[in-house]
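Read through the structure below, which is laid out as structure tokens, and then see the notes.
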Ligand SMILES: [Zn+2]
């Protein structure tokens with residue numbers, strides 16, 4: 049069923065973003081956001097690796113001061129003497145994150161198409177509004193943000209890597225809360241605040257990012273269950289669950305499994321061979337892409 053503007057106007061849900069967000073760029077605003085944001089992040093990345101970075105090494109190097117395979121920096125071998133110098137320390141782990149240009153393009157293309165055809169079922173995820181444009185940037189940053197870490201293995205690179213995971217994971221939680229409650233003000237305050245707070249806690253090494261992400265994912269699953277059992281009118285169709293949501297969960301499960309097994313010392317870790325961590329990167333991006341389609345085709 050197509051959602052027309054008139055149907056949307058009759059929808060009681062109120063949004064701060066009922067108007068097109070980028071005047072003059074309506075036709076290609078999704079692609080414009082994609083190109084602009086990717087260019088900014090990649091330019092910063094090139095500057096970062098060109099200059100050689102700054103500050104102390106990432107805590108992952110603490111496992112072994114010499115920095116060789118017994119380090120905890122996700123398996124791929126690198127020369128410890130080059131930490132802080134210009135260049136890319138872990139080529140596979142770094143360059144595999146360019147996959148995000150592809151997933152970002154897929155989300156931008158379908159967000160644009162859904163807007164032009166008015167075919168999205170979700171009033172929030174309709175193109176032309178704030179959320180799909182924000183999500184294009186999140187999908188891109190989920191990959192490109194990680195490049196700063198793997199290229200430099202510096203603490204600030206690690207902070208940016210965690211920032212990229214929080215921008216994604218916290219969006220998943222806050223957007224699901226929005227679907228459940230329509231509390232847009234809560235979203236607009238809680239999402240950026242939680243991303244900044246979690247990143248700061250992480251930078252101060254007060255809490256492990258793994259624990260934070262785990263808590264966010266469990267909390268998200270509770271919200272998703274509430275929508276499923278309590279707000280049935282907002283539940284996605286069976287087809288949407290089968291085609292988009294279950295593949296998202298499956299990709300996430302594969303990503304986490306590979307992440308664990310390909311850690312330094314893990315049974316799929318070969319410091320000089322193919323890096324399983326590459327699969328983790330790509331599958332996390334696949335999860336993010338399937339979630340976009342799931343949200344787009346969910347009634348709220
Ligand atoms: Zn990584």
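Residue numbers (my numbering): 49 to 348.
Glycine is no exception: its CB is placed at the ideal position from the N, C-alpha and C atoms.
These numbers were taken from a predicted model, which means no experiment stands behind them.
Any non-hydrogen atom of ligand 1 closer than 8 Å to residue i Cβ
i           : result
residue 125 : no
residue 106 : no
residue 194 : yes
residue 204 : no
residue 122 : yes
residue 328 : yes
Sequence-distant residues of its chain with Cβ nearer than 7 Å to residue i (five each side left out)
i           : result
residue 238 : 222
residue 279 : 228
residue 281 : 347
residue 185 : 81, 85
residue 300 : 335
residue 214 : 243, 246, 247
residue 283 : 275, 276
residue 195 : 93, 142, 145
residue 155 : 183, 184, 187, 337, 340
Short Cβ contact (9 Å threshold) for residue i with residue j
i           : j           : result
residue 158 : residue 340 : yes
residue 304 : residue 147 : no
residue 197 : residue 106 : yes
residue 78  : residue 160 : yes
residue 170 : residue 287 : no
residue 134 : residue 99  : yes
residue 264 : residue 332 : no
residue 149 : residue 206 : no
residue 183 : residue 235 : no
Nearest to residue i (by Cα), restricted to the options the options
i           : options          : result
residue 172 : 164, 201, 181    : 181
residue 296 : 277, 269, 313    : 269
residue 102 : 232, 261, 201    : 201
residue 189 : 313, 151, 266    : 151
residue 320 : 109, 140, 110    : 140
residue 253 : 129, 110, 312    : 110
residue 132 : 204, 241, 313    : 204
residue 153 : 162, 83, 87, 104 : 83
6 Å CB neighbourhood of residue i in its chain, flanking five on each side removed
i           : result
residue 250 : 210, 257
Own chain, CB closer than 8 Å to residue i, minus 5 neighbours either side, in chain order
i           : result
residue 310 : 122, 123, 316, 317, 323, 324, 325, 327, 328
- Message: In chain order, what are the residue ranges of uninterrupted alpha helix (DSSP H) at least 4 long that sit wholly in the stretch 187 to 265?
- Response: 203 to 229, 232 to 251
Inset, instruction - Could you pull out every unbroken alpha helix (DSSP H) segment of at least 4 residues lying fully inside the stretch 125 to 194, listed in chain order? - result: 139 to 143, 147 to 165
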